[in-house]
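> Take a look at this one; I'll ask things after.
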Amino acid sequence: MLFQIIFVIALAAESMTAALAAGRRNMDWFGVCVLGCVTALGGGTTRDVLLGHYPLIWVEQPAYLLVTTAAALFTIVVARVMEWLKLTFLLLDAVGLVVFTISGCMVAMEMGQPALIVIVAGMITGCVGGVLRDVLCNDVPLLFAGELYATVSAITACLYFFGIQAGFPAELVTIVAMAIGFGLRALAIAFKIEMPRFVYAPVRDQSSKR
Amino acid sequence: MLFQIIFVIALAAESMTAALAAGRRNMDWFGVCVLGCVTALGGGTTRDVLLGHYPLIWVEQPAYLLVTTAAALFTIVVARVMEWLKLTFLLLDAVGLVVFTISGCMVAMEMGQPALIVIVAGMITGCVGGVLRDVLCNDVPLLFAGELYATVSAITACLYFFGIQAGFPAELVTIVAMAIGFGLRALAIAFKIEMPRFVYAPVRDQSSKR
Amino acid sequence: MLFQIIFVIALAAESMTAALAAGRRNMDWFGVCVLGCVTALGGGTTRDVLLGHYPLIWVEQPAYLLVTTAAALFTIVVARVMEWLKLTFLLLDAVGLVVFTISGCMVAMEMGQPALIVIVAGMITGCVGGVLRDVLCNDVPLLFAGELYATVSAITACLYFFGIQAGFPAELVTIVAMAIGFGLRALAIAFKIEMPRFVYAPVRDQSSKR
Numbered sequence: 001m002l003f004q005i006i007f008v009i010a011l012a013a014e015s016m017t018a019a020l021a022a023g024r025r026n027m028d029w030f031g032v033c034v035l036g037c038v039t040a041l042g043g044g045t046t047r048d049v050l051l052g053h054y055p056l057i058w059v060e061q062p063a064y065l066l067v068t069t070a071a072a073l074f075t076i077v078v079a080r081v082m083e084w085l086k087l088t089f090l091l092l093d094a095v096g097l098v099v100f101t102i103s104g105c106m107v108a109m110e111m112g113q114p115a116l117i118v119i120v121a122g123m124i125t126g127c128v129g130g131v132l133r134d135v136l137c138n139d140v141p142l143l144f145a146g147e148l149y150a151t152v153s154a155i156t157a158c159l160y161f162f163g164i165q166a167g168f169p170a171e172l173v174t175i176v177a178m179a180i181g182f183g184l185r186a187l188a189i190a191f192k193i194e195m196p197r198f199v200y201a202p203v204r205d206q207s208s209k210r
Numbered sequence: 001m002l003f004q005i006i007f008v009i010a011l012a013a014e015s016m017t018a019a020l021a022a023g024r025r026n027m028d029w030f031g032v033c034v035l036g037c038v039t040a041l042g043g044g045t046t047r048d049v050l051l052g053h054y055p056l057i058w059v060e061q062p063a064y065l066l067v068t069t070a071a072a073l074f075t076i077v078v079a080r081v082m083e084w085l086k087l088t089f090l091l092l093d094a095v096g097l098v099v100f101t102i103s104g105c106m107v108a109m110e111m112g113q114p115a116l117i118v119i120v121a122g123m124i125t126g127c128v129g130g131v132l133r134d135v136l137c138n139d140v141p142l143l144f145a146g147e148l149y150a151t152v153s154a155i156t157a158c159l160y161f162f163g164i165q166a167g168f169p170a171e172l173v174t175i176v177a178m179a180i181g182f183g184l185r186a187l188a189i190a191f192k193i194e195m196p197r198f199v200y201a202p203v204r205d206q207s208s209k210r
Numbered sequence: 001m002l003f004q005i006i007f008v009i010a011l012a013a014e015s016m017t018a019a020l021a022a023g024r025r026n027m028d029w030f031g032v033c034v035l036g037c038v039t040a041l042g043g044g045t046t047r048d049v050l051l052g053h054y055p056l057i058w059v060e061q062p063a064y065l066l067v068t069t070a071a072a073l074f075t076i077v078v079a080r081v082m083e084w085l086k087l088t089f090l091l092l093d094a095v096g097l098v099v100f101t102i103s104g105c106m107v108a109m110e111m112g113q114p115a116l117i118v119i120v121a122g123m124i125t126g127c128v129g130g131v132l133r134d135v136l137c138n139d140v141p142l143l144f145a146g147e148l149y150a151t152v153s154a155i156t157a158c159l160y161f162f163g164i165q166a167g168f169p170a171e172l173v174t175i176v177a178m179a180i181g182f183g184l185r186a187l188a189i190a191f192k193i194e195m196p197r198f199v200y201a202p203v204r205d206q207s208s209k210r
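Residue numbers (UniProt numbering), protein chains in the order written: chain A, 1 to 210; chain B, 1 to 210; chain C, 1 to 210.
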């Protein structure tokens, strides 16, 4: 199925982007592989652990681990070339976001979860990998920094869930949800659309420890 | 049951305190919601994942997610007002600590866990949410910084477990454990009682990499 | 069984090394215990959660928690003496690495996992505790910083898995894998053998946000 192929390409792309982040921090080759695998597979893993959905995808099909490891190692070789493909990788990251989100919704729906959990499962699958990458790189997660990223995931998940619930054919719903999600993300990148931020500076600063 | 009502109020309060922490770091609205939900529900989630106790509470009853999300968003509106209620929120946080601790003990006891695991389950439920908040905010967890917080959780868990084991009625034990735990935490806040710290500075500093 | 005794000694040693790290950050006594327990037991816990292998070892045998907590607290008393035993603890850490790795392989093989998952399970068991310690201490994981540590774990896991698969007696395979793994790690410490690093500095720095 086409969805499966796009899924694997997105896994590799996420792993490569994370490998670059590892390179920027001068990690060793092992760290590069770990960061690639955790970023690419961490969202689905977190979803499965939270839903109690065993075995995990990469435990059942270890080939996924090989794909993400190989992609991370390959990045060490082609890092210089990737700079010229910055936009390509930004768009592949957007593809990954919508594909992972939909795959997360699928898992939750197969388990018979209610609407809210399906959407949350989709968002976890789409977004948590990047959060784990940032925590391991000792950064505040980029996900919380205003970019229209999680919102795209939420919209994609809603489109998919309610489309399926409304009885439309699964292939059509998948394609439409992916197209709209991808389009939104591309617009957000192109026009630098941002979420509003909550800026809170305590007036009496000295008394606020927590 | 009254315990359930206090539980939900404490969830909302924890989420609101975390939302303020997000605002201090200028996170976007989505980040505010995630930090609120993770802080409020992260302790119970960690306990359930470690004990293999599925489904998670917020997967079974997604209404909890709505409460914590709404509380976090509400914080954006009322942040200025909350400054005048600092003490109220510090006390609500103390209520959350003892209520979450006891709820964690209940779950572990229902599973028939031994004493030590019941107490650890209570402490995980009471304390881990704040640790996750600090990790996501890229801070060293406040929990390890001397405040009498985890100790209060441990004492509350012991009181509850041994009270129930001794055959006292559950309602009485719950009320007494909550009252003593809350009182201890209030005293710790009022008199700034702190845990002793382990201050270790290597003599031959240059040779200590790890 | 001898393996079991070495396992418990290694648990205590890992907890003590982590307690020193806590002392360097002036954590309180509770933080010292938590960091000790998480570092010593975190690798096995992560493996079991990812493989869905319940109950966790320390939930089934809470005595492990007592060992790691006691070791962490004991460190507060003997920290000054431990400086003279730096090499001993570095070697005990190497013992822990190979023992934990092999114990992780054993669990995965009992579950009938394929080769790659057995090796990954061994590496997770051997290495993740230190990663959790570094995340809680708000550091970039030392594991990704070039030291020949995870590689030793991978080699030990391969030796064990393929040795057992080849039909050699389990005791022999365990001893040989431990000896070679420990020897490699000792050589890496003695000669400061390092993994190559992936150093990536974007040419057009201003355009690289991610």
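By construction, the Cβ of each residue, glycine as well, lies at the ideal position given by its N, Cα and C atoms.
State buried or exposed for LEU51(C), treating a residue as buried only when at least 16 other CB atoms are found within 10 Å of its CB.
It counts as buried.
> What's the C-alpha gap between ALA94(C) and ILE5(A)?
About 42 Å.
> Helix, strand or coil: which one does DSSP assign to SER208(C)?
Since pLDDT at SER208(C) reaches only 41, below the 50 mark, its modelled position is unreliable, and the value read off the structure follows with that caveat. Three-state result, SER208(C): coil.
> By the three-class DSSP mapping on this structure, what secondary structure does ASP28(A) have?
If DSSP states are grouped into helix, strand and coil, ASP28(A) belongs with the strands.
> Which partner residues does GLU147(B) have in the DSSP bridge list?
Paired residues: GLU194(B).
> Is the number of C-beta pairs between the stretch 161 to 172 of chain B and the stretch 73 to 85 of chain B that are closer than 8 Å three or more?
Verdict: no, contact absent.
> Nearest to PHE144(C) by CA position, among MET27(A), PHE7(A) and LEU20(A), is which residue?
Ranking the options by Cα distance to PHE144(C), first place goes to MET27(A).
> Count the other C-beta atoms from every protein chain shown that fall within 10 angstroms of the C-beta of THR46(B), then say buried if there are 16 or more, exposed otherwise.
Under this definition THR46(B) is a buried residue.
> Please report the straight-line C-alpha distance between VAL176(B) and CYS158(B), rounded to a whole angstrom.
Going by the C-alpha atoms only, they are around 12 Å apart.
> Closer than 8 Å by beta-carbon distance: list the chain C residues that pair up with ASN26(B), in chain order.
The premise fails here: ASN26(B) is roughly 16 Å from chain C at the closest Cβ pair, so nothing lies under 8 Å.
> So, with DSSP's three-state summary, where would you put THR200(B)?
Looking at the sequence provided, one finds Tyr at residue 200(B) rather than Thr. Residue state, collapsed to three classes: coil.
> Once DSSP output is grouped into helix, strand and coil, what is the label at VAL140(B)?
In the structure shown, VAL140(B) sits in coil (DSSP, three-state: anything other than H, G, I, E or B).
> So if I threshold CB-CB distances at 7 Å, which residues from the stretch 145 to 175 of chain C count as touching chain A?
Cβ contacts with chain A come from ALA145, GLY146, ALA150 and THR151.
> Go through its chain and collect everything with a Cβ distance to VAL38(A)'s Cβ below 8 Å, but skip five positions before and after it.
Cβ neighbours of VAL38(A) beyond the five flanking positions: ALA18, GLY129, LEU132, ARG133 and LEU136.
> List, in chain order, every chain C residue whose beta-carbon is nearer than 7 Å to that of PRO202(B).
Those are GLU83, listed as they occur along chain C.
> Closer than 9 Å between beta carbons: that is the criterion. Which residues of the stretch 46 to 61 of chain A meet it against chain B?
Under the 9 Å Cβ criterion, the stretch 46 to 61 of chain A contributes VAL49, LEU50, LEU51 and GLY52.
> Is the Cβ of GLY42(A) closer than 8 Å to any Cβ of chain C?
Not an interface residue.
> Take GLY122(C) and list the residues in its own chain whose beta-carbon comes closer than 6 Å to its own, dropping the five residues that flank it on each side.
Contacts found: THR101, GLY104, CYS105 and ALA157.
> Are the beta-carbon atoms of LEU92(C) and ILE189(C) separated by less than 8 Å?
The answer is no: Cβ separation not under 8 Å.
> With a cut-off of 8 Å, does the C-beta of VAL32(B) fall near any C-beta of chain A?
Yes, because at least one Cβ of chain A sits closer than 8 Å to the Cβ of VAL32(B).
> Which residue marks the beginning of the alpha helix (DSSP H) containing GLY104(C), and which one marks its end?
Taken as a continuous stretch (DSSP letters only), the alpha helix (DSSP H) holding GLY104(C) covers 86 to 110.
> Taking the C-alpha atoms as reference points, what is the distance between TRP29(B) and PHE198(A)?
Going from the Cα of TRP29(B) to the Cα of PHE198(A) covers about 6 Å.
> Could you say which of LEU2(B), GLU60(B), GLY96(B) and ILE124(B) lies nearest to GLY112(A) if we only look at CA atoms?
Nearest C-alpha to GLY112(A): GLU60(B).
> In this structure, how does DSSP classify GLY130(A) when only helix, strand and coil are distinguished?
Three-state result, GLY130(A): helix.
> Could you confirm whether any beta carbon from chain C is found closer than 8 Å to the beta carbon of PHE198(B)?
So, interface residue.
> To the nearest angstrom, how far is it from the Cα of GLY96(B) to the Cα of VAL152(B)?
Distance between the alpha carbons of GLY96(B) and VAL152(B): 12 Å.
> Taking its Cβ as the centre, do 16 or more other Cβ atoms sit within 10 Å of ALA170(B), making it buried, or is it exposed?
Classification of ALA170(B): exposed, given that the 10 Å Cβ count is below 16.
> With a threshold of 7 Å on Cβ separation, who are the neighbours of ILE117(A) within its own chain once the five nearest residues in sequence on each side are excluded?
Cβ within range, chain order: ALA108.
> For residue 211(C), does the three-state DSSP call read helix, strand or coil?
In this structure chain C extends from 1 to 210, so residue 211(C) is not present and cannot be described.
> With 8 Å set as the bound, which would you pick, yes or no: does the beta-carbon of CYS137(B) sit closer than that to a beta-carbon of chain A?
Taking Cβ atoms only, chain A reaches closer than 8 Å to CYS137(B), which makes this a yes.
> Rounded to whole angstroms, what's the CA-CA distance from GLY36(A) to ALA186(C)? Just pull it up for me.
Going from the Cα of GLY36(A) to the Cα of ALA186(C) covers about 28 Å.
> Does the beta-carbon distance from ALA70(A) to MET16(A) come in below 8 Å?
No; because the gap between Cβ atoms is not below 8 Å, this pair is not in contact.
> Verify the CB distance criterion: does LEU184(A) have a CB-CB separation below 8 Å to chain C?
Judged by the 8 Å Cβ criterion, LEU184(A) is not in contact with chain C.
> Taking the alpha carbon of ILE124(C) as the point to measure from, which residue in ALA22(C), VAL99(C), TYR200(C) and PHE3(C) has its own alpha carbon closest?
Looking at the Cα atoms, VAL99(C) is the closest of the given residues.
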